[in-house]
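There are 2 protein chains.
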Amino acid sequence: MNLLEKRATLEYSIKQNFGLLGSEEIGRIADLFKYKTHKKGEFLLNKDKSCQHMYFVLSGYVRIFVELETKEVTQWVSGKGYFLTDLASFQFNTPARWNMQTLVDTEIFYIHKSDYDSFKFILSQWNEIEKQFIMHCFITLEERVFSHLAMTAEERYFNFFEQNKELFNQIPLQYIASMLGMTPETFSRIRKKQLC
Amino acid sequence: MNLLEKRATLEYSIKQNFGLLGSEEIGRIADLFKYKTHKKGEFLLNKDKSCQHMYFVLSGYVRIFVELETKEVTQWVSGKGYFLTDLASFQFNTPARWNMQTLVDTEIFYIHKSDYDSFKFILSQWNEIEKQFIMHCFITLEERVFSHLAMTAEERYFNFFEQNKELFNQIPLQYIASMLGMTPETFSRIRKKQLC
DNA sequence: TTGATTTCTTGATTTATATCAAGAGTCGTT
DNA sequence: AACGACTCTTGATATAAATCAAGAAATCAA
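Chains G and S are the protein sequences, given in the same order.
Under the working numbering, read the first sequence as residues 1 to 196, first letter to last.
Under the working numbering, read the second sequence as residues 1001 to 1196, first letter to last.
This is the structure we're talking about:
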């Protein structure tokens, strides 16, 4: 993939997630993102630091997690096409709540908060568009909370599998287990049922 | 509480949740809310219907829940000072995902979607303000997901209790149990530990 | 106040999931 | 190819939480 194609991928995802923008406007947004590659295992963000960037995953995977006394909790894994940041830190300058680490060699586009904030001056509809984006994120999270109120570990597994098949042969399964709220052993046993 | 004091309470909560507004502007927002009382057990919203309103709880409690084949799941209980709606339905005109029912006689202010949508024309900063409000909601939900990934039922109980003491002697405890993702029996046993 | 209904508690039991421990597979590196 | 480091699986066991069932307590309505 050459840089032009990478750029096209970014623009496509901006269109998908921040609808209602003309292609000229999308171009102006994309202009402010910078391209970078990260080796497997590198951190994009450390907990308690300030999160000054929003990231876009072009290829690879980024894990969002936190370390507790006794265990490590993976909050989410973002693959290609995802925008990600620690929202509380990025928007309200609080210390970051999560670590972000690449699980494989990963290509990202990133944008600094100061450039991101300029969108609202460049584009009159920006606040409206961003608002809708966050609403969709909120609705998705509501579903995730619901899955913990209403579903068993096994139901969460199959539900998630249907939506994210590709993830299951790309990253260590223990991280999927954690983001679904179960141990690797439980995950493995459910998986065995699935395969038999 | 007379109507003037009720109105003042609404304005105060608007200020709390949608900061950055002058008092004249808050007044113009509050003007578009209407006051209504609901008897215990009345529905503000039925699942699968269209949610055309946002609600503000002045006094009382509203339960957000859904009925499954085998059980009922309470997603949240909103007490005084809460704004509530089915966001997906209110904003994107999808069928409502939740029921909303009062748990006691309840006073609310409500606003129709068409009036709510007019805020952005009345107030130049509205989109920005609303965006920040939703971001805070999103961050709160992230914490809630995390509580299911990292905490036991007992930890969720005590964590929630610290934040919401008043709820525990105002509404049936079974609903708190459900929103914390446990059965009433488990809830009761944890509660016993707390009291002894 | 009384009876009816709902809610909460408690005990016994079952089930789901976590923990612990060991071994097997996989992957990356040299 | 071989080593070491992860990662996954599997079994045995422990623990957390759900289920089932009954009764007690609280609440509501007449």
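Just so it is clear, CB atoms sit at the ideal spot from N, CA and C, and this is done for glycine as well.
Note that the structure is predicted; figures quoted are calculated from it, not measured.
By the 10 Å Cβ neighbour count, where 16 or more other Cβ atoms means buried, how is residue i classified, buried or exposed?
i	result
G:A196	As written in the sequence, residue 196 of chain G is Cys, which differs from the Ala given in the question. That one is exposed.
S:S1188	exposed
G:Y116	buried
G:F90	buried
G:I122	exposed
G:T106	buried
S:L1149	buried
G:D31	exposed
G:S124	exposed
S:Y1012	exposed
G:T85	buried
S:A1088	buried
G:G22	exposed
S:L1045	buried
G:L10	buried
G:T37	exposed
G:L68	exposed
S:E1024	exposed
S:F1138	buried
G:K131	buried
G:S147	buried
S:Q1194	exposed
S:E1142	buried
S:L1058	buried
Residue range of the beta strand (DSSP E) that residue i falls in?
i	result
G:S59	H53 to S59
S:S1078	E1072 to S1078
S:M1135	Segment W1126 to A1150 is the alpha helix (DSSP H) holding S:M1135; no beta strand (DSSP E) there.
S:I1111	T1106 to H1112
For residue i, which residues of its own chain have a beta-carbon under 7 Å away from its beta-carbon, when the five flanking residues on both sides are left out?
i	result
S:K1047	V1066, A1096, R1097, W1098 and N1099
G:N17	F83 and F133
S:F1160	L1180
S:L1167	V1077, G1079 and I1176
G:V73	F65, V66 and S178
G:I26	E11, I14 and K15
Could you check whether the Cβ of residue i sits closer than 7 Å to any Cβ belonging to chain S?
i	result
G:F187	no
G:I29	no
G:N17	no
G:K131	yes
G:N127	yes
G:R144	yes
G:A88	yes
G:V62	no
G:Q91	yes
Compare the C-beta of residue i against all C-beta atoms of chain G and say whether one is closer than 7 Å.
i	result
S:H1148	yes
S:L1135	It should be noted that the sequence gives Met, not Leu, for residue 1135 of chain S. Yes, contact with chain G.
S:I1122	no
S:I1139	yes
S:Q1101	no
S:V1077	no
S:G1181	yes
S:V1073	yes
Short of 8 Å in beta carbon distance, which residues of its chain neighbour residue i, apart from the five on each side in sequence? Order them along the chain.
i	result
S:T1186	A1153 and A1177
G:K34	F109, Y110 and I111
Who pairs with residue i in a beta bridge, going by DSSP?
i	result
S:Q1101	S:F1043 and S:R1063
G:L84	G:Y55
In chain order, what residues of the same chain have a beta carbon less than 6 Å from the beta carbon of residue i, not counting five sequence neighbours either side?
i	result
S:F1043	Q1101
S:K1071	none
G:Y61	V77, G79, L103, V104 and I171
G:L3	none
G:P184	Q174 and A177
S:F1249	The requested residue 1249 of chain S is not part of the displayed model; chain S covers only 1001 to 1196.
S:T1094	A1088
Could you check where the alpha helix (DSSP H) with residue i kicks off and where it finishes?
i	result
S:Y1035	No alpha helix (DSSP H) contains S:Y1035, which is instead part of the beta strand (DSSP E) from K1034 to H1038.
S:N1164	That residue, S:N1164, is in no alpha helix (DSSP H); it is neither H nor E in DSSP.
S:S1023	S1023 to A1030
G:Q170	Counting along the chain, G:Q170 falls outside any alpha helix (DSSP H), and DSSP gives it neither H nor E.
S:L1123	Premise fails: S:L1123 is in no alpha helix (DSSP H) and is neither H nor E.
G:L195	P184 to L195
G:S50	From DSSP, G:S50 is part of no alpha helix (DSSP H); its letter is neither H nor E.
G:L3	L3 to N17
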